[in-house]
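Enquirer: Here the sequence shown is numbered in the numbering used here, starting from 9 and rising by one per residue.
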Amino acid sequence: MEHPTDDADLECKDEEVPMDTPARQSLPSHFALRPMPGKGLGVICRKPIREGEFVGEYKGEVMLEDVKDRRYLPSLKDQQTPEDQQWIQSRLDRGQTLTGCYLYGVSLPQTRGEAASRIYVDAEDEYESLWTRFINHASPPCNNVNPKSIHESYDGKPRVWFVANQDIAEGDEICFDYGDDYWLEGDDVV
């Protein structure tokens, strides 16, 4: 990968991406948001990051698995509540997508005899999320950050964050491994 060293060059490329939503505006100055061929937008480092450093928090709407399923699975559309329909319409009215591709599942503690369950952080809506929603996928060993999570943080909500799993150079794209459960059969995973 080519590593830009000229700050003016970094600034010029930033102008290609409108910074018109809260998620885009939350991008720290040591990162840049850029169009990435075949990926959409991606996050580029403007300064080196050391292995083990905190990179960013993944925030969004928090929802239980049954709510996520009703809102995103076409097979459960007939089970949507008025609240689900209002939520969907709100996204559409604001030009936000409804792909379900920005969900991060956090495992909940399991009690004896209970099935495993998860709660989800949904960062798809750019008005309800942060810049980390633009972190793209890369398979190991090309992924340079790992997600960490806890089901209940100090505020009672799940917390998801990213930590550098290797030194990251200026000009590198920030990427993490989305995991096997993200991909559909036939997807071309790189």
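C-beta atoms are modelled at their ideal positions from N, C-alpha and C, and glycine is treated no differently. No experiment lies behind these values; they were computed from the predicted model shown.
(1) Under three-state DSSP, which class holds D133?
(2) Run through DSSP, which three-state label would I182 get?
(3) Mapping DSSP to helix, strand and coil, what is V171?
(4) Where DSSP assigns a beta bridge to V114, which residues make up the other side?
(5) Measure how close the beta-carbons of K47 and N144 come, nearest whole angstrom, since I'm counting them as under 8 Å.
(6) Looking at the secondary structure, which residues open and close the beta strand (DSSP E) in which L49 lies?
(7) If you follow the beta strand (DSSP E) that S157 is in, where does it begin and where does it stop?
(8) Report the partner residues of I176 according to the DSSP bridge assignment.
(9) Quick one: Cα of E61 to Cα of Q87, how far?
(10) Since F170 and P149 should fall inside the 8 Å C-beta cutoff, what is the C-beta to C-beta distance between them, to a whole number of angstroms?
(11) Rounded to the nearest angstrom, how far is the Cβ of R167 from that of Y135, given a contact under 8 Å?
(12) May I ask you to report which of helix, strand or coil DSSP gives E24?
(13) At a cut of 8 Å, does the region 29-45 reach the region 108-128 through at least three beta carbon pairs?
(14) In or out: R58 buried (at least 16 other Cβ within 10 Å) or exposed?
(15) Please name the residue or residues paired with Y66 in a DSSP beta bridge.
(16) Which first and last residues belong to the alpha helix (DSSP H) in which A201 is found?
(17) Can you name, in chain order, every residue of its own chain whose Cβ lies under 6 Å from the Cβ of A124, other than the five neighbours on each side?
Expert: Here's the rundown:
(1) Coil at D133, not helix or strand.
(2) coil
(3) Strand.
(4) I127
(5) Confirmed, Cβ separation roughly 5 Å.
(6) Unbroken beta strand (DSSP E) run through L49: 48-53.
(7) 153-158
(8) I57
(9) Looking at the two C-alpha atoms, the distance is approximately 43 Å.
(10) F170 to P149, Cβ: 17 Å. No contact.
(11) With 8 Å as the limit, R167 and Y135 do not qualify as a contact, their Cβ atoms being about 20 Å apart.
(12) coil
(13) no
(14) By the 10 Å Cβ count, R58 comes out exposed.
(15) V168
(16) The structure shown has nothing for residue 201, since the chain only spans 9 to 198.
(17) Its chain contains Q118 as the residues whose beta carbon lies nearer than 6 Å to that of A124, once the 5 sequence neighbours on both sides are disregarded; these appear in chain order.
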